[in-house]
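Numbering (this note's numbering), first residue to last: 247 to 848.
Okay, so here's the structure we're looking at.
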Amino acid sequence: MASKKLGNIRNFSIVAHIDHGKSTLADRLIQHCGAVKDRDMKSQLLDNMDIERERGITIKSQTVRLKFNAKDGKTYILNLMDTPGHVDFAYEVSRSLAACEGSILVVDASQGVEAQTLANVYKAMENNHELIPVLNKIDLPAAEPDRIKEQIEEVIGIDATDAIHASAKTGVGIPEILERVVTDLPAPQGDVDAPLKALLVDSWYDPYLGVMILVRVFDGVLKKGQKIEMMAAGVKYQVEQVGYFQPDRLIVDALYPGEVGFITAGIKHVADCNVGDTITEEKNKATKALDGFKPSVPVVFCGLFPTDAADFEDLRESLGKLRLNDASFSFEAENSAALGLGFRCGFLGLLHLEIIQERLEREYDLDLITTAPSVIYKIYMNDGADIELHNPADFPDIVKIKEIHEPWIKATIMVPDDYLGGVLGLCTDRRGEQVDLTYVGSRAMVVYNLPLSEVVFDFYDRLKSITKGYASFDYEVSEYREGDLVRVSILVNSEPVDALSYITHRSQAESRGRGMCERLKTLIPRQLFKIPIQAAIGGKFIARETISAMRKDVTSKCYGGDISRKKKLLEKQKKGKKKMRQFGSVEIPQSAFLAALKTSDD
247 MASKKLGNIR
257 NFSIVAHIDH
267 GKSTLADRLI
277 QHCGAVKDRD
287 MKSQLLDNMD
297 IERERGITIK
307 SQTVRLKFNA
317 KDGKTYILNL
327 MDTPGHVDFA
337 YEVSRSLAAC
347 EGSILVVDAS
357 QGVEAQTLAN
367 VYKAMENNHE
377 LIPVLNKIDL
387 PAAEPDRIKE
397 QIEEVIGIDA
407 TDAIHASAKT
417 GVGIPEILER
427 VVTDLPAPQG
437 DVDAPLKALL
447 VDSWYDPYLG
457 VMILVRVFDG
467 VLKKGQKIEM
477 MAAGVKYQVE
487 QVGYFQPDRL
497 IVDALYPGEV
507 GFITAGIKHV
517 ADCNVGDTIT
527 EEKNKATKAL
537 DGFKPSVPVV
547 FCGLFPTDAA
557 DFEDLRESLG
567 KLRLNDASFS
577 FEAENSAALG
587 LGFRCGFLGL
597 LHLEIIQERL
607 EREYDLDLIT
617 TAPSVIYKIY
627 MNDGADIELH
637 NPADFPDIVK
647 IKEIHEPWIK
657 ATIMVPDDYL
667 GGVLGLCTDR
677 RGEQVDLTYV
687 GSRAMVVYNL
697 PLSEVVFDFY
707 DRLKSITKGY
717 ASFDYEVSEY
727 REGDLVRVSI
737 LVNSEPVDAL
747 SYITHRSQAE
757 SRGRGMCERL
767 KTLIPRQLFK
777 IPIQAAIGGK
787 FIARETISAM
797 RKDVTSKCYG
807 GDISRKKKLL
817 EKQKKGKKKM
827 RQFGSVEIPQ
837 SAFLAALKTS
847 DD
């Protein structure tokens, strides 16, 4: 019974570069299998967050269970996982791939293989996936299927002679893809009589049911009423509901080997659900846990502070719920002299940071201040101590520092030949070192070593504008290197604003400091007294701008008469302004905190 059932299951995901048509292809597969009535069908069906629909990108991997009647007369159960394409959500992709045995590789028939296509294919290969190449957007006038097939074989190294020609928009090739999924992809392996072994793939917070968990069962049976244990967390719960998505929730009695579904178990504590944990039965435990996933390593850090200090606890709770749904971001409490209590958060990139901030503001109705992003620096002190620095405000005294090391990345950029000069110029400006330059047809593939701190600010935006959107970019953190780095402090009215301090290479400190001061001069509203804005390295000032005071005409009531009377009034005003400057506080608008991002290339 179990083996027969296993033979009729296929678990697969769709991997591709951004905008190559993954979500649209998923829509057509769902429609062809009749999982959704035509009247309920909408585009990007599996993208259920508002942000995903507005931006046209997939952020969260989603799963759906489909029934497919194949030509061989059998009915197959297909568990489809739609994955994101953006580099910042690579962790979502790796989690989904661990729950599958095969992948559909989607390549745009006009644009060809891109950097993120490569990255996602390599992830699929690491998970020993069988791959089905699909040339999407075949209906476009610019489609060149033969050239793209050669490119797939040349760049990726897999046979593409029988790649399926498809159009997710018009529905061409969809039946053929489903048939190939059934014939080419392996069925899952598993033993129904062995102790329960299920992989915790994802989790999220439901306001009515509490914590919901997405699982892939490898061995044994996961059923309602069962006492389960999370092997890594060591916590025990009783299963309340078992079901799967098709794409609406369907409650069932049990999940068998090879199946993907969800469970609820009255879980109150967010910390009990570690993505990649193994779920087993309390009384009949599995001896060895599943491999799980490598924990994600945040590369960009920034502070999130509530505008109203009373919202601190709400922010903590909201971050906990989001952390449950997105295991790739981390947070810890921190205190800032300028901004009060908040959290230092780690992200996989700037888009990831932006999405988390937007989700906090939309889903949890919070008003937030974000500090300038920074990366992790390793500082080696003269006394032999090592420090990992996440926040520039904690930079130790320069006299006590022996060496500072910063993270470097290996970046792969694919770009049409016409824009190559601009891309090489951008990478050189950002202290890049060229590793490799090869050609695939009329496209260049450039590999560069770059400091991560130069990339997190606006490198991706600059790359897109230089290449009119034709370049694709992927990176991985490769090593730490020693650098001549300094902390630049920003002082407003002689008071340091720690939320605006940043670490940069000494050669760029002055130009960035000047840019920051000029921008703040336009952003901070004028007061009744002069406000100096300064950038400093230690005790040395490297840039200064002054916001002139608003002046009240105190002499307007003097009609004629002796000049000494006017002088007396002006002197009195001058003393008042001096006193004001001593005790007056300067309100810095939130937009000024984000200005730090945009100074590097202005």
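The beta-carbon is built from N, C-alpha and C at its ideal position, and this holds for glycine as well.
Using a Cβ distance threshold of 7 Å, residue 361 and residue 720 count as a contacting pair. Per the coordinates, the alpha-carbon of residue 493 lies some 12 Å from the alpha-carbon of residue 313.
Secondary structure note for residue 711: it is in no beta strand (DSSP E), and the uninterrupted alpha helix (DSSP H) holding it is 705-712. Counting C-beta atoms within 10 angstroms of its own C-beta, residue 523 has 16 or more neighbours from the protein chains shown and is therefore classed as buried.
For the pair residue 352 and residue 266, the CB atoms are nearer than the 7 Å cut-off. Annotated three-state conformation of residue 368 is helix, per DSSP. Note that the C-beta distance between residue 620 and residue 642 is not below 7 Å.
By the neighbour-count criterion, in which a residue is buried when 16 or more other Cβ atoms sit within 10 angstroms of its Cβ, residue 718 is buried.
Sorting 548, 626, 553 by C-alpha distance to the C-alpha of residue 598 places 548 at the top. The beta-carbon separation of residue 443 and residue 532, rounded to 5 Å, stays under the 8 Å limit for a contact. By the criterion of a C-beta distance shorter than 7 Å, residue 252 is surrounded in its chain by 433, 434, 436, 503, 504, once the five residues flanking it on both sides are discounted. Sequence-distant partners of residue 694 (beyond 5 residues in either direction) whose C-beta falls short of 8 Å from its own C-beta, in its chain, are 656, 657, 659, 673, 678, 679, 680, 681. Where residue 651 is concerned, the enclosing beta strand (DSSP E) starts and stops at 647-662. Going by DSSP, residue 252 is part of the alpha helix (DSSP H) stretching over 248-253. CA-to-CA, the gap between residue 566 and residue 715 works out to about 36 Å.
If you ignore the 5 residues before and after residue 789, its C-beta comes within less than 6 Å of the C-beta of 759, 760, 763, 781, all in its own chain and listed in chain order. Here residue 319 is exposed: its Cβ has fewer than 16 other Cβ atoms, across all protein chains shown, within 10 Å. Burial is judged here by how many other beta carbons sit within 10 angstroms of a residue's own beta carbon; residue 472 has at least 16 and is buried. Per DSSP, reduced to three states, the secondary structure at residue 600 is helical.
Listed as beta-bridge partners of residue 686 by DSSP are 689. Shown here, residue 416 sits in coil according to DSSP, grouped into three states, outside any helix or strand. Our two residues, residue 572 and residue 602, have alpha carbons roughly 9 Å apart in a direct line. Given a length threshold of 4 residues, each whole run of the alpha helix (DSSP H) inside the stretch 519-601 is given here in chain order: 558-571. For residue 484, the secondary structure class from DSSP, reduced to helix, strand or coil, is strand. Just measuring C-alpha positions, the residue of 356, 812, 534 sitting nearest residue 413 is 356. Under the 8 Å Cβ criterion, the stretch 738-755 counts as touching the stretch 603-619, having at least three qualifying pairs.
Collapsing the DSSP output to three states places residue 356 in coil. The beta carbon of residue 607 is closer than 8 Å to those of 613, 614 in its chain, skipping five residues each way along the sequence.
Considered as a whole, the stretch 430-491 harbours no complete run of any alpha helix (DSSP H) with no fewer than 4 residues. Taking a C-beta distance under 7 Å as the contact criterion, residue 470 and residue 488 qualify as a contact pair. If you draw a 10 Å sphere on the C-beta of residue 347, you find 16 or more other C-beta atoms in it, and that means buried. About 26 Å separates the beta carbon of residue 793 from that of residue 813, a gap too long to meet the 8 Å contact definition. Where residue 720 is concerned, the enclosing beta strand (DSSP E) starts and stops at 718-728.
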